[in-house]
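Numbering-wise (our numbering), the sequence shown opens with residue 1 and increments by one.
Even glycine gets a Cβ: it sits at the ideal position worked out from N, Cα and C.
Reviewing the structure listed below.
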Amino acid sequence: MTKQTFLDLGWQPIANGFIPKEGQEDEFSFNLQVAFDDETCLVTQQEYVAPEKMFHKDYAYRGSMSLTMVDHFQKTAKLLSESLPPSPRVLEIGSNDGVFLNNWDTDNTYAVEPCFNFAEETNALGYRTYSRFWNNDLSKDILAEHGSMDLVFAANCMCHIPDLQETFQAVANVLEDEGLFVFEDPSLARMINLNSYDQIYDEHAHIFSVIALKNELERVGLSLIRVDNLSVHGGSNRIWAAKTTSEWAKYVHISVEENITYEKLLGLDNIAVFDKFSSRVAQSKQDLLDVLYRCKENDQKVISYGATSKSTTVFNYCGIDDNLISYITDTTPEKQGKLAPGSHIPVVAPKDNSIADDVNYVFLGAWNFVDEISKKEKAFIDRGGKFITHVPLVRFV
Ligand code: TYD
1 MTKQTFLDLG WQPIANGFIP KEGQEDEFSF NLQVAFDDET CLVTQQEYVA PEKMFHKDYA
61 YRGSMSLTMV DHFQKTAKLL SESLPPSPRV LEIGSNDGVF LNNWDTDNTY AVEPCFNFAE
121 ETNALGYRTY SRFWNNDLSK DILAEHGSMD LVFAANCMCH IPDLQETFQA VANVLEDEGL
181 FVFEDPSLAR MINLNSYDQI YDEHAHIFSV IALKNELERV GLSLIRVDNL SVHGGSNRIW
241 AAKTTSEWAK YVHISVEENI TYEKLLGLDN IAVFDKFSSR VAQSKQDLLD VLYRCKENDQ
301 KVISYGATSK STTVFNYCGI DDNLISYITD TTPEKQGKLA PGSHIPVVAP KDNSIADDVN
361 YVFLGAWNFV DEISKKEKAF IDRGGKFITH VPLVRFV
């Protein structure tokens, strides 16, 4: 395996490491470099941050903070149950605050969540939740205690785990012979098309192409059987896999070949496309700084909407602080009253649930929720307020 670095996003903090106002000594930072593995075609970080630094009892990201995601997981659960036996045994890896779990009976549903604050919440709801990191040992413990699973599900979690071989092997250990392994993560094709380099931060150890996942899954006896292209999280793929020996693997859905053909046309199996992406990222930084400095020179007040992990990457890569963006609004209680990682821009609760009257421009830290936000912030739009986004190009919306 040869990992070739193609992008350097500079020194970055823990993307969800919000800092109490009273300050924090020694904020951790690391050099975020992204590489292409020419053996498996995996796009992956050159060096990974230790999981314990990111996922712990004070983890701040709540999946249920947007109606879009609550609705998405309701529909996903309904879709999956159509392919499962009655009263299926379900395991979710990375269950966060239970936004997906809530759609299943507590009796046969199990969960894994290393962030203790959320494991405590979902245990209290009646879902047996293991507050441990997913690995071979845990899969064997779950198998011994509850038997094999009809569905293993994970959303925005598989791409968090550095060792994919152990991760997928552990899934295979606990999966019923005819069970389904379904997971959703940001799509590399969408990231390249949208120039959304902010999909890359400490937690996203990898950004998956379908090409790379097929290679990684096959190594542990799992077959990729279907791919759904999703709009959530700025463009994700829902990957369906099953044991290579199962009936499922005999009828591979056309979407697998379609996605692989498309990714090859984009060039995701060769580093050249990533070198070009890297140049576009540098241009995006320059364009965003130009816009923000022009706002500043013209006494225009700019804030940011959504204290996202993505915006941690943007602000720290571009060197943006509260000189350019006055504050960030976010509905998540765990983030409010704190300082954003690295940039130290204050994070506040939205005042009266809307954008304050003295704000001229709003940077879309949560650009992936632009539809939900536009509906909510009609008053701001009606009074001539404009959003700024960097995806796919820096522009006013
Ligand atoms: P998300 O885009 O899922 O973030 P990440 O980059 O960390 O994966 O998170 C959206 C964030 O924006 C989350 O903290 C909740 C917040 N948010 C608001 O404050 N208001 C809103 O209307 C929406 C939709 C999200």
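| Query | Result |
| --- | --- |
| With 16 other Cβ atoms within 10 Å as the buried cut-off, status of residue 86 | exposed |
| Beta bridge counterpart(s) of residue 240 as assigned by DSSP | 182 and 226 |
| Three-way DSSP call (helix, strand, coil) for residue 37 in this model | strand |
| Reference residue 69, options 201, 53, 127 and 236, closest by Cα | 236 |
| Beta strand (DSSP E) segment containing residue 45, residue limits | 43-45 |
| Residue span of the beta strand (DSSP E) that contains residue 387, given as start and end | 386-389 |
| Alpha-carbon spacing of residue 105 relative to residue 361, whole angstroms | 44 Å |
| Contact the segment 186-205 vs the segment 245-258: 3+ CB pairs below 8 Å | no |
| CA-to-CA distance, residue 314 to residue 223, given in whole angstroms | 36 Å |
| Rounded Cβ spacing between residue 364 and residue 318 (contact assumed at less than 8 Å) | With a Cβ gap of about 15 Å, residue 364 and residue 318 do not count as contacting. |
| Classification of residue 261 by the beta-carbon crowding that lies within 10 angstroms, buried from 16 upward | exposed |
| C-alpha gap between residue 8 and residue 390, whole angstroms | 18 Å |
| Assigned exposure category for residue 384 - 16 Cβ within 10 Å defines buried | exposed |
| Residue 366 beta carbon near the ligand TYD (any heavy atom closer than 6 Å) | yes |
| Residue 359 (DSSP reduced to helix, strand or coil) | coil |
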